[in-house]
Amino acid sequence: MTQVGEGQEADESAPPLMTFGAPTAGEVLAERYELVEHINNDSAGRLVWRGVDVILRRPVAVVLRYPGGDSATEMLQAAVAASRVIHPNLVGVYDAIDEAERAYVVREWVDGQSLRDLATEGPLDPARATAIGNAVASALAAVHATGMVHGNVHPGTVMISDEGRVVLADARTDGADSQENDIRAVGGILYFALTGYWPHAEAPLHGATAGHGRAAIPDAVRDASGGIAAPRQVRAGVPAYLDDLTMDLLDAEIAPPSSDVLAAELARLDVPAEEEHYLDNSGPLRFAADTEEEPSPLAAAGGRKVAVGIAGLLAVALVGLLIGISALGGDDEKPQGNAGAAPTSSAPADDATPAATTVRKLTVAGVRIIDPDSKNRSEVDGADKVIDGDEDNGWETETYRDRPNFGNLKKGMGVWLDLGEPHTVKSVQAVLSATGASAQLLTGSANPPPSSSGDKQLVASYKTRIGQPFEDHDGTTMTFNGFNADTKYQYLLFWITELPPAEGGFKLGVQEITVQGS
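For the sequence shown, full-length UniProt numbering begins at 1 and goes up steadily by one.
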């Protein structure tokens, strides 16, 4: 089985350097990670093994580099940075160790295949390609929210698990990459998924060589001047809106949107096949290169609004999302409900100059700790530290012994946020004190008094999970995004179900929670 990112077989020019001795099946690294099976060697000369964490009894992927030391610095630094970002569409990074003679990174094992391998069976249908692009863009939005860059987005680092989960892995930031390159690479992912060709093969993305998993990817169809053919020219059945979006992302003359705006747009386009006809009238966001101040007219047939002015791209794009979602009539496929929410209103379809929507950090009007299973309520103080802007000063649980699920004494604890009034939410970020916690984001409409009975009432009614739903994590920053743009929220509950290990048992600190929206 090919593991994403490291799946490109090594060629003769990149043999692994064995100064320490080849690893063997059964060998235990760091007294914890047992090597089970050698999967392959990648084009950077690294060895990829399937292993087992003998302490937590879970499968892992172990990527070894020979030697360690200075030659492994970039790999280890990228792994450490990636471990701090938690998202359901990012492969979890568990450990990074340098033993001088060799270095290795331990990460989540994903049963599945890379997009590169999946496409050998033929191009994907537009709906599946859109879903994959949405997942990659959502993962990048979480990475970019921390100020970091992934730097290695291509069909070999995108994996689709056997259960259908799409994950991005193998960040290789080397200082020469940029968030814009990451976003343009999403266009490449869409193009590859739709056609089976990689539009950056002739001039590899970020100036990289054909290594790093790109060598086996066929180049796009090109004309005499080197321009690539649009997906609709390569194969039949690609919707015009998806063709336009893909080519806009690949056009160096058109400034791309931010990753969170792109993720929201792809989420809007990620609809069941039987509903695609709605998109023919609403169209995608177009990222126009012209800098005229006057808005372009709606396209006569498609009803698209062309974004004008690169400097105003973000605001116009967000408004376009609201208009498009309104045209869809809501997205019943997303794991979100109307509890504690009020629908937004969209601009009239014939209004060519809608008001701009500005994404900002939302003010939290009220915050408290929800502890329904406690009798003495000794842990409910200090909730205001979660929103004071100081990540070094947070609220924390007591230490629980024996088990991470609050010692089997509680179903969980949470931080409840009141935004004062309904708001459109773009992302919620929770900075934690340690790795290994499990949590989810919920919403509801109840606001009972702060007491044990009130907390029980609140938890019982907050059943709607929002944002990208996920629970298990191996980092200190949890980012929830993927919210419906036509839904507003006033009350949010960051609900903790498992605590990470700490001295004497299990304990967690919530250092800061921030909400971005409008």
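Just so it is clear, CB atoms sit at the ideal spot from N, CA and C, and this is done for glycine as well. This one's a predicted model, so the numbers in the text were calculated from it and none came from an experiment.
Starting from K456, trace the alpha helix (DSSP H) both ways and give me its first and last residue. Annotation for K456: the continuous alpha helix (DSSP H) segment containing it runs 452-461.
Exposed or buried, which one is I496 when buried takes at least 16 other CB atoms within 10 Å? By the neighbour-count rule (16 or more Cβ atoms within 10 Å), I496 is buried.
Going along the chain, which residues of its own chain have a beta-carbon closer than 8 Å to the beta-carbon of V166, five neighbours each way excluded? N89, A131, I132, A135, V136, V158, M159, I160
Neighbourhood of D162 by C-beta, 7 Å cutoff - its chain only, sequence neighbours within 5 removed: D111, G112
Can you tell me which of the three DSSP states P126 falls into? helix
Using the three-state DSSP reduction, which class does V149 fall into: helix, strand or coil? coil
Inter-residue Cα distance where the pair is R184 and G226: 18 Å
I'd like to know whether the C-beta atoms of G196 and A267 end up nearer to each other than 9 Å. no
Kindly indicate which three-state DSSP category Q516 falls into: helix, strand or coil? strand
Out of K410, K411, P448, point me to the one whose CA is closest to D418's CA. P448
For G68 and A96, which I take to be in contact (beta-carbon distance under 8 Å), what is that distance rounded to the nearest angstrom? Actually they are not in contact, since the Cβ atoms of G68 and A96 sit about 11 Å apart, beyond 8 Å.
Looking at C-alpha atoms only, which residue of F483, A434, H38, L76 is the closest neighbour of L262? Per the Cα distances, F483.
Tell me which residues share the same chain as E202 and place their Cβ nearer than 6 Å to its Cβ, disregarding the 5 neighbours each side in the sequence. Low confidence applies here, because E202 scores a pLDDT of 43, under 50, leaving its location unreliable; read the following figure in that light. Excluding positions up to five away in sequence, the list reads D219.
Ignore the nearest five residues each way along the sequence and tell me which others in E333's own chain have a CB closer than 6 Å to its CB. Residue placement at E333 is poorly supported in this model, since its pLDDT is 42, which falls under 50; the coordinates still yield a value, given next. Closer than 6 Å at Cβ, skipping near neighbours: no residue.
Nearest by alpha-carbon distance to H154: which of R172, E421, A145 is it? R172
Where L245 falls: helix, strand or coil (DSSP): Note: L245 maps to helix in three-state DSSP.
How about V431 and G394: are their beta carbons less than 9 Å apart? yes
Give a yes or no on whether the C-beta atoms belonging to V364 and Q516 are separated by under 9 Å. No, these two residues do not count as a Cβ contact at 9 Å.
Meets three-Cβ-pair contact criterion under 8 Å: the segment 425-442 and the segment 501-512: yes
Go ahead and label I55 buried or exposed: buried means 16 or more other beta carbons lie within 10 angstroms of its beta carbon, across all protein chains shown. exposed
Within 9 Å, strictly: CB atoms of V80 and V91: no
Quick one: grab the DSSP three-state call for Y191. helix
Length of the line joining the Cα atoms of A82 and V143: 8 Å
If you reduce the DSSP assignment to three classes, tell me which class G69 lands in. G69: helix per DSSP, three-state reduction.
According to the Cβ coordinates, are R50 and P59 closer than 9 Å? Yes, the pair counts as a contact, with Cβ atoms nearer than the cut-off.
With a CB to CB cut of under 7 Å and the five nearest residues on each side skipped, what residues in its chain are close to T514? K361, Q429
Beta-carbon separation (whole angstroms), L124 vs A193, contact threshold 8 Å: Sure, about 5 Å apart at Cβ, within 8 Å.
Looking only at its chain, what residues have a beta carbon closer than 8 Å to the beta carbon of D98, apart from the 5 residues adjacent to it on each side? Correct list, in chain order: G68, G69, A72, L76.
Span of the beta strand (DSSP E) holding D53? 47-53
What first and last residue would you give for the beta strand (DSSP E) that runs through S259? Here S259 belongs to no beta strand (DSSP E); instead the alpha helix (DSSP H) covers 259-269.
What does the Cβ neighbour count give for N408, buried or exposed, with the cut at 16 atoms within 10 Å? exposed
Would you say A426 and D260 are within 9 Å of each other, going by their C-beta atoms? Strictly speaking, residue 426 in this sequence is Lys, with Ala absent from that position. Going by beta carbons, K426 and D260 fall inside the 9 Å limit.
Beta-carbon within less than 6 Å of H38's beta-carbon, same chain only, minus the 5 sequence neighbours each way: which residues are those? Cβ within range, chain order: W49.
Apart from the five residues just before and just after R222, which ones in its own chain have a Cβ nearer than 6 Å to its Cβ? Around R222, the same chain offers I228 as residues with beta carbons nearer than 6 Å, after the five sequence neighbours per side are excluded.
What residue does the beta strand (DSSP E) around D219 start on, and which one ends it? Premise fails: D219 is in no beta strand (DSSP E) and is neither H nor E.
When you compare the CB of H423 with every CB in chain D, is at least one pair closer than 9 Å? As a matter of chain content, chain D is missing from the structure shown, which is built from one protein chain.
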